[in-house]
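Visitor: I have a structure here, written as structure tokens, and I will follow up with some questions on it.
Numbering (the working numbering), first residue to last: 19 to 266.
Listed below in structure tokens is the structure:
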């Protein structure tokens, strides 16, 4: 290479290095560069644009202040999600997950899961607690410890009344021995598959469930003494009797 060409190439490289250094792209010394918004002590701020790493096409349109990473994205600290979390593949968390809503079309695994909204996953595995204050929808749900169902506020049953449960575990009480409505003893379920456990919390008075009425199929009436239960399954039309705990 001719001397003048080498000099010209050297000048171009030096100019490029100077330009990169002036914008914080090449760190020549560990000095703060907050004023550039980039560097060891600063931050990266993108206003109006998108952050895209990799040459793959995102499945979601990047339309301003969005981000896409084609490869692995690792976070050593906490992740704070202000919106919903959607996972197309498997999600595994060594610690707990708290979110307003969670949607995963693959498997989800976490030490504990707390969802204030709706959680929908194909397979859900948690080694600790699962707390959902709204719906929890899963194709498969495996519990290796305790499945805890919160008791609803007790319903005071009167003679001929219709029992309207507010949840799976529904305590009942009464001022005396009573029999519920003989036409519709228990209000219809919301969705086929609803599970209902009724328990008599009285000290002594019996509560009789009409098991041959319009929508309760138990083959006969069930007189629940104090502390006894009846378990029902809503099939979309009737409450089918699954079990009856009789102390006598």
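Here a beta-carbon is modelled for each residue, glycine too, at the ideal position from N, C-alpha and C.
1. Pull the bridge partners of residue 218 from the DSSP assignment, please.
2. My output table needs one value for residue 91: the three-state DSSP class, helix, strand or coil.
3. With a 10 Å radius around its C-beta and 16 neighbouring C-beta atoms as the bar for buried, classify residue 252 as buried or exposed.
4. From the DSSP output, read off the bridge partner residues of residue 257.
5. As a quick exercise: from 245, 90, 162, pick the residue whose alpha carbon is nearest that of residue 218.
6. Buried or exposed for residue 176, please, with buried defined as at least 16 other CB atoms from any protein chain shown within 10 angstroms of its CB.
7. Pull up the distance between the alpha-carbon of residue 212 and that of residue 242, whole angstroms please.
8. Determine the direct distance from the alpha carbon of residue 209 to that of residue 134, and round the result to whole angstroms.
9. State yes or no: is the C-beta of residue 156 within less than 9 Å of the C-beta of residue 138?
10. Along the chain, where does the beta strand (DSSP E) containing residue 157 start, and where does it finish?
11. Throw me the rounded Cβ distance for the residue 85 and residue 69 pair, which I believe falls under 8 Å.
12. Could you pull out every residue in the same chain whose Cβ sits closer than 8 Å to the Cβ of residue 266, ignoring the five residues on either side in sequence?
13. Determine the closest residue to residue 150 out of 136, 162, 142, with distance taken between C-alpha atoms.
14. With respect to the beta strand (DSSP E) encompassing residue 69, which residues constitute its N-terminal and C-terminal limits?
15. Please look up how many angstroms separate the CB atoms of residue 225 and residue 204, rounded, as I've assumed it's under 8 Å.
16. Given this structure, state the Cα-to-Cα distance separating residue 63 from residue 122, to the nearest angstrom.
17. For residue 129 versus residue 120, is the C-beta distance shorter than 9 Å?
18. When DSSP builds the beta bridges, which residues end up paired with residue 239?
19. What span of residues does the beta strand (DSSP E) with residue 142 cover, start to end?
20. Taking just the CA atoms, how far does residue 94 sit from residue 227?
21. If we call anything under 9 Å between Cβ atoms a contact, is residue 160 one with residue 131?
22. Which residues in the same chain as residue 223 place their Cβ atom closer than 6 Å to its Cβ, once the five residues preceding and following it in sequence are excluded?
23. Mapping the DSSP letters down to three states, classify residue 199 as helix, strand or coil.
24. If we ignore side chains and look at the alpha-carbon of each, how far apart do residue 53 and residue 89 end up?
25. Counting along the chain, where does the beta strand (DSSP E) carrying residue 172 start and finish?
26. Label residue 257 either buried or exposed according to how many other C-beta atoms from any shown protein chain fall within 10 Å of its C-beta, with 16 as the threshold for buried.
Guide: Quick look at the numbers:
1. If you number the chain shown from 1, residue 218 lands on position 200. In the DSSP assignment, residue 218 forms a beta bridge with 190.
2. Here residue 91 refers to the residue found at position 73 of the chain shown. Looking at residue 91 - three-state DSSP - the assignment turns out to be coil, as it is neither helix nor strand.
3. The residue you call residue 252 lines up with position 234 of the chain shown. Sixteen is the threshold: when 16 or more other Cβ atoms of the shown chains lie within 10 Å of the Cβ of residue 252, as they do, the residue is buried.
4. Residue mapping note: residue 257 aligns to position 239 of the chain shown, counting from 1. Its beta-bridge partners are 234, 252.
5. Within the chain shown, residue 218 is the residue found at index 200, counting from 1. Closest option to residue 218, Cα to Cα, is 245.
6. Sequence index remark: in the chain shown, residue 176 carries index 158 (1-based). Taking every protein chain shown into account, the CB of residue 176 has fewer than 16 other CB atoms within 10 angstroms, so this residue is exposed.
7. Here the question's residue 212 lines up with position 194 in the chain shown. Here the question's residue 242 lines up with position 224 in the chain shown. Each residue's alpha carbon lies about 21 Å from the other.
8. Start at 1 with the first residue of the chain shown, and residue 134 comes out as number 116. Start at 1 with the first residue of the chain shown, and residue 209 comes out as number 191. The straight-line gap from Cα to Cα measures roughly 21 Å.
9. To locate residue 156, count along the chain shown from 1; it is residue 138. To locate residue 138, count along the chain shown from 1; it is residue 120. Yes. Within cutoff.
10. Residue mapping note: residue 157 aligns to position 139 of the chain shown, counting from 1. In the DSSP annotation of this structure, the continuous segment of the beta strand (DSSP E) that includes residue 157 starts and ends at 154-159.
11. Here residue 85 refers to the residue found at position 67 when the chain shown is read from its first residue. Here residue 69 refers to the residue found at position 51 when the chain shown is read from its first residue. Right, the Cβ-Cβ distance comes to about 4 Å (below 8 Å), so this counts as a contact.
12. Taking the first residue of the chain shown as 1, we reach residue 266 at position 248. Sequence-distant Cβ neighbours of residue 266 in its own chain, meaning closer than 8 Å and more than five residues away, are 243.
13. Numbered from its first residue, the chain shown carries residue 150 at position 132. Closest in C-alpha terms to residue 150, from the list 136, 162, 142, comes 136.
14. Here residue 69 corresponds to residue number 51 of the chain shown, with the count starting at 1. Element bounds for residue 69: 69-71.
15. Translated into positions along the chain shown, residue 225 becomes position 207. Translated into positions along the chain shown, residue 204 becomes position 186. With 8 Å as the limit, residue 225 and residue 204 do not qualify as a contact, their Cβ atoms being about 12 Å apart.
16. Counting from 1 along the chain shown, the entry for residue 63 is found at position 45. Counting from 1 along the chain shown, the entry for residue 122 is found at position 104. One C-alpha to the other measures close to 30 Å.
17. On the chain shown, position 111 is the one that residue 129 refers to. On the chain shown, position 102 is the one that residue 120 refers to. The beta carbons of residue 129 and residue 120 sit no closer together than 9 Å.
18. Here the question's residue 239 lines up with position 221 in the chain shown. As DSSP reads the structure, residue 239 sits in no beta bridge.
19. The sequence position of residue 142 within the chain shown is 124, counting from 1. Residue 142 -> beta strand (DSSP E) spans 137-144.
20. In the chain shown, counting from the first residue as 1, residue 227 sits at position 209. In the chain shown, counting from the first residue as 1, residue 94 sits at position 76. Here the C-alpha atom of residue 227 lies approximately 57 Å from the C-alpha atom of residue 94.
21. Numbered from its first residue, the chain shown carries residue 160 at position 142. Numbered from its first residue, the chain shown carries residue 131 at position 113. No.
22. Here residue 223 refers to the residue found at position 205 when the chain shown is read from its first residue. Around residue 223: 192, 194, 195.
23. Taking the chain shown and counting its residues from 1, one reaches residue 199 at position 181. Three-state result, residue 199: coil.
24. To locate residue 53, count along the chain shown from 1; it is residue 35. To locate residue 89, count along the chain shown from 1; it is residue 71. Caution applies to residue 53, whose pLDDT of 44 falls short of 50 and renders its modelled position unreliable; the model cannot decide the point.
25. Sequence index remark: in the chain shown, residue 172 carries index 154 (1-based). Neither: residue 172 is in no beta strand (DSSP E) and is coded neither H nor E.
26. To locate residue 257, count along the chain shown from 1; it is residue 239. Residue 257 comes out buried.
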